[in-house]
Amino acid sequence: MARDFYADRARVARFATDFGWRRLCVRAMRHPFARWFTRPVSVPSRLLFAPHDLRTGDPTRAHEFYSGRFAFAGKVVTTDGASPFEMVPPSREWAEELMSFSWLRHLQAAGTPIARANARALVGDWIASGAHRDPAAAAPDVAARRVISWLTQAPLILQSADAVFHRRFLRSLAAQVRYVRSVQRYARDGRPRLICALALCFAGLCMADQPRLLRSGQRRLTEELERQILADGGHVGRDPGALIELLLDLLPLRQSFAVRHLPPPPALLNAIDRMMPMLRFFRHVDGSFAHFNGMGPTPADWLATVLAYDDARGRPLSNAPYSGYQRMEAGGTVLIADTGAPPPIPVSHEAHAGCLSFELSSGRNRLVVNCGMPATGREGWRATARQTAAHSTAVIEETSSCRFVAGGLMKRLCGTPVLEGPSDLRIDRAPRGGADVLLASHDGYARRFGVVHQRSWRLSPDGGRLDGEDLFRVAHGEEFTSDQREGYAIRFHLHPLVRPSRAADGHTVLLHMPDGDDWAFTAPEVAVSIEESIMLAANGGARRTEQLVIVGHARDMPRVSWTFMRVHGLAS
Numbered sequence: 162m163a164r165d166f167y168a169d170r171a172r173v174a175r176f177a178t179d180f181g182w183r184r185l186c187v188r189a190m191r192h193p194f195a196r197w198f199t200r201p202v203s204v205p206s207r208l209l210f211a212p213h214d215l216r217t218g219d220p221t222r223a224h225e226f227y228s229g230r231f232a233f234a235g236k237v238v239t240t241d242g243a244s245p246f247e248m249v250p251p252s253r254e255w256a257e258e259l260m261s262f263s264w265l266r267h268l269q270a271a272g273t274p275i276a277r278a279n280a281r282a283l284v285g286d287w288i289a290s291g292a293h294r295d296p297a298a299a300a301p302d303v304a305a306r307r308v309i310s311w312l313t314q315a316p317l318i319l320q321s322a323d324a325v326f327h328r329r330f331l332r333s334l335a336a337q338v339r340y341v342r343s344v345q346r347y348a349r350d351g352r353p354r355l356i357c358a359l360a361l362c363f364a365g366l367c368m369a370d371q372p373r374l375l376r377s378g379q380r381r382l383t384e385e386l387e388r389q390i391l392a393d394g395g396h397v398g399r400d401p402g403a404l405i406e407l408l409l410d411l412l413p414l415r416q417s418f419a420v421r422h423l424p425p426p427p428a429l430l431n432a433i434d435r436m437m438p439m440l441r442f443f444r445h446v447d448g449s450f451a452h453f454n455g456m457g458p459t460p461a462d463w464l465a466t467v468l469a470y471d472d473a474r475g476r477p478l479s480n481a482p483y484s485g486y487q488r489m490e491a492g493g494t495v496l497i498a499d500t501g502a503p504p505p506i507p508v509s510h511e512a513h514a515g516c517l518s519f520e521l522s523s524g525r526n527r528l529v530v531n532c533g534m535p536a537t538g539r540e541g542w543r544a545t546a547r548q549t550a551a552h553s554t555a556v557i558e559e560t561s562s563c564r565f566v567a568g569g570l571m572k573r574l575c576g577t578p579v580l581e582g583p584s585d586l587r588i589d590r591a592p593r594g595g596a597d598v599l600l601a602s603h604d605g606y607a608r609r610f611g612v613v614h615q616r617s618w619r620l621s622p623d624g625g626r627l628d629g630e631d632l633f634r635v636a637h638g639e640e641f642t643s644d645q646r647e648g649y650a651i652r653f654h655l656h657p658l659v660r661p662s663r664a665a666d667g668h669t670v671l672l673h674m675p676d677g678d679d680w681a682f683t684a685p686e687v688a689v690s691i692e693e694s695i696m697l698a699a700n701g702g703a704r705r706t707e708q709l710v711i712v713g714h715a716r717d718m719p720r721v722s723w724t725f726m727r728v729h730g731l732a733s
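For the sequence shown, the numbering used here begins at 162 and goes up steadily by one.
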């Protein structure tokens with residue numbers, strides 16, 4: 162035990178040291194003198210083409226920008242005629258979205274002369290203000306996103322521009338590409354580092370006379386894709402939403418190679434081919450993604466755009482062992498379960514403690530969900546949403562199955578990654594008696610409480626019945642000792658549209674659906690309570706909902722069986 166403790170401390174210390182060093186290097190690269198120590202990027206004579214932006218824009222937002230109203234990340238700033246880059250940002254998220262210039266797509270969607278002039282004026286304000294040294298603007302992933310946004314929206318910005326502005330724009334763009342190339346190796350691991358590689362590839366393709374930049378960008382992109390996109394198509398960070406975000410960039414990049422009549426890197430093609438089936442894996446019948454590991458509300462328009470590029474359109478995978486997920490489907494009923502360990506520390510900043518949680522849907526009705534993450538104001542909800550209690554699984558002593566960086570110097574230095582979580586996971590899946598049966602266990606509570614959580618699911622062939630069981634067994638030894646009195650709570654968070662009503666026996670809850678496809682939940686011999694909950698990942702903001710809860714003690718009641726069953730003829 163002592164050896165494990167010191168090994169964990171050493172691992173965390175190495176991560177914190179490495180993370181702190183990278184942050185220090187990024188800060189150093191912001192200094193004006195840093196350009197003397199980085200390889201220059203020549204100012205292009207012209208842009209060869211503009212990549213297609215697959216993210217849809219809202220033309221009504223263009224009028225808001227023209228009026229001086231900038232709403233990002235759930236915060237609104239009114240400039241009253243001043244430049245938005247001179248305003249004090251209400252939050253870090255607001256500043257990062259402003260500095261990324263991803264909102265230019267809304268001006269492009271408007272397509273009016275006023276929108277084009279406003280876009281040009283805002284870009285000119287940013288160049289003149291020296292905002293590139295702002296900490297939010299200088300974050301490697303924000304700078305990379307800004308490069309991609311400027312390239313994709315170059316026709317909007319440069320149409321009707323005079324020669325002076327055109328040269329200023331190209332000089333600023335080349336300087337930002339140079340900065341991204343200098344800091345990309347210090348960017349936070351995961352998507353931030355991958356976005357930097359994407360920006361360098363886009364720049365090498367779109368800017369004239371940049372063969373060296375393109376070669377280095379391709380090399381970095383290949384390295385990151387091979388490392389971050391797992392064999393089953395999932396992302397190493399285990400966030401389903403990362404697939405949508407990345408494909409919105411990878412698909413236009415593939416098209417950009419075709420425009421230049423250049424062969425795309427094999428790693429790019431392989432990554433897209435692996436990721437596409439995983440989009441279908443995480444989808445419920447109503448089109449929404451399951452809420453695991455940082456997934457928020459499903460961006461339906463973006464997802465539909467990406468799925469339009471899916472040529473296979475086959476049946477979703479049932480097993481994603483590298484990503485750590487399982488899917489069961491029968492008769493219009495879909496179950497998606499998290500059966501994986503937390504991702505490595507460097508890419509675990511958004512990971513949740515939701516091992517053995519699941520979501521259940523019947524047709525277009527979603528029954529059981531996880532709380533998920535909101536689309537805006539994520540920082541305020543992150544600590545709550547990542548807890549095991551925010552997932553449809555079992556909680557021991559109201560403690561999460563993962564340990565996160567909670568605060569203090571470590572949080573200021575390296576954020577809130579997962580320090581420790583389940584490491585020994587056992588998964589067994591096979592058809593039994595004509596039904597699909599999945600059995601999984603994890604040791605996330607073994608070190609602290611000496612308890613292993615095991616859960617099984619059995620989905621009937623017609624999809625009308627899901628039988629489950631939670632088993633709490635001793636981690637070391639044959640039986641619990643007299644002083645082991647760990648309490649547990651088994652939670653099933655319900656979708657806001659589900660209306661639960663308790664039956665008279667105290668073991669059964671009727672689940673009324675909007676379309677009359679009603680279900681019942683029952684757990685024989687144990688009391689089932691209905692408690693308040695919240696669905697953070699609801700469209701339009703967090704929504705109040707309810708959850709079914711079963712409480713007990715592992716020593717007194719180690720095994721709990723429960724069933725979801727479709728019923729007919731219930732009064733609504």
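From the three backbone atoms N, C-alpha and C, an ideal C-beta is built for every residue, glycine too.
Excluding the 5 residues flanking it on each side, threonine 466 has same chain C-beta neighbours closer than 6 Å at Leu215, in chain order.
Taken atom to atom, the span from the alpha-carbon of histidine 552 to that of valine 508 is near 21 Å.
In this structure, alanine 300 keeps its C-beta atom at 7 Å or more from the C-beta atom of leucine 208.
In this structure, DSSP gives phenylalanine 231 an extended state, which the three-state scheme calls strand.
Exposure of alanine 419 is indicated by the presence of fewer than 16 other C-beta atoms within 10 angstroms of its C-beta. For arginine 543, the secondary structure class from DSSP, reduced to helix, strand or coil, is helix.
Its Cα nearest to that of aspartate 323, the residue Gly285 stands out among Gly701, Ala305, Gly285 and Arg660.
Rounded to whole angstroms, the separation of the alpha carbons of arginine 381 and proline 250 is 33 Å. Secondary-structure assignment with DSSP links glutamine 615 through a beta bridge to Ser602 and Leu632. Counting C-beta atoms within 10 angstroms of its own C-beta, serine 321 has fewer than 16 neighbours from the protein chains shown and is therefore classed as exposed. For the region 528-592, the full-length beta strand (DSSP E) segments reaching 3 residues or more read 555-557 and 579-581 along the chain.
Nearest neighbour of tyrosine 340 by Cα position, chosen from Asp597, Ala461, Arg564 and Arg306, turns out to be Arg306. For proline 426, there is no enclosing alpha helix (DSSP H), as DSSP gives it neither H nor E. Under DSSP, aspartate 499 forms a beta bridge with Tyr486. For glutamine 548, same chain residues with a beta-carbon under 7 Å away, outside a window of 5 residues either side, are Ala514 and Ser561 in chain order.
Per DSSP, the continuous alpha helix (DSSP H) segment holding histidine 267 begins and ends at 265-271. Inter-residue distance for valine 728 and leucine 672 is about 9 Å (C-alpha atoms, whole angstroms). Distance from the CA of histidine 293 to the CA of glutamate 257, rounded to the nearest whole angstrom, comes to 12 Å.
Here valine 712 has Ala650 as same chain residues with Cβ atoms under 6 Å from its own Cβ, once five neighbours each way along the sequence are excluded. Per DSSP, the unbroken beta strand (DSSP E) holding glutamine 708 starts and ends at 704-714. Secondary structure note for valine 721: its beta strand (DSSP E) is the uninterrupted segment 720-727. Within 10 angstroms of the beta-carbon of glutamate 385 lie 16 or more other beta-carbons, which makes it buried. When DSSP states are grouped into helix, strand and coil, threonine 221 belongs to the helix group. Under the three-pair Cβ rule at 8 Å, the region 420-437 does not count as touching the region 494-513. Excluding its 5 nearest sequence neighbours in each direction, proline 220 has C-beta neighbours in its own chain below 6 Å: Ala270 and Ala271, listed in chain order.
Spanning the alpha carbons of leucine 411 and isoleucine 433 requires a straight line of approximately 7 Å.
Taking each of Pro535, Ala369, Ala171 and Arg175 in turn and checking the Cα distance to valine 202, the smallest one comes out for Ala369. The region 310-353 is shown to contain whole alpha helix (DSSP H) runs of 4 or more residues at 315-319 and 324-344, in chain order. In the structure shown, alanine 364 falls within a helical segment according to DSSP collapsed to helix, strand and coil. With a cutoff of 7 Å on beta-carbon distance, arginine 525 and valine 446 are scored as near each other.
Taking a C-beta distance under 7 Å as the contact criterion, arginine 609 and aspartate 631 do not qualify as a contact pair.
One alpha carbon belongs to phenylalanine 176, the other to isoleucine 588, and they sit about 30 Å apart. In this structure, glutamate 254 lies near alanine 234, with their beta-carbon atoms less than 7 Å apart.
Looking at the DSSP output, aspartate 679 bridges to nothing.
Residue pairing by DSSP places histidine 510 opposite no residue, since no beta bridge is assigned to it. In the three-state DSSP reduction, methionine 696 falls in the strand class (E or B).
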